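Residue numbers (this note's numbering): 29 to 99.
Think of the CB as a built atom: it goes at the ideal place given N, C-alpha and C, for glycine as much as any other residue.
Since we're looking at a predicted model, the values are computed, not measured.
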Amino acid sequence: MGSDTLSTLTGEAGSDDPITALTAVKRMRVELDRVEALAVRRARNANASWQLIAIALGVTRQAVHKKYGRH
């Protein structure tokens with residue numbers, strides 16, 4: 029999926045049909061999680077600190093490290 033898919037899903041999320049809207053919202057969450065994980069990986073590969081990534085995401089350093097750090 030890409031930006032075109034997110035644009036389509038955004039339109040569907042505004043549908044008058046609530047089931048269509050809810051399905052689009054669910055699919056958007058999945059896609060945004062994938063995009064976020066990719067961006068975090070790219071930031072880490074560029075030597076960004078967990079603190080800087082956390083600030084960008086509006087969460088704590090511990091939260092972002094727990095979600096994306098290697099276990």
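Assign A52 to one of two classes, buried (16 or more other C-beta atoms within 10 Å of its C-beta) or exposed (fewer than that). buried
Among residues of its own chain, excluding the 5 on either side of R55, which ones have a beta-carbon nearer than 6 Å to its beta-carbon? L37
Between which two residues does the alpha helix (DSSP H) carrying G86 extend? That residue, G86, is in no alpha helix (DSSP H); it is neither H nor E in DSSP.
Beta-carbon separation of I81 and A71 under 7 Å? Their beta carbons are under 7 Å apart, which means I81 touches A71 by this criterion.
Where V68 falls, given that 16 or more other Cβ within 10 Å makes a residue buried: buried
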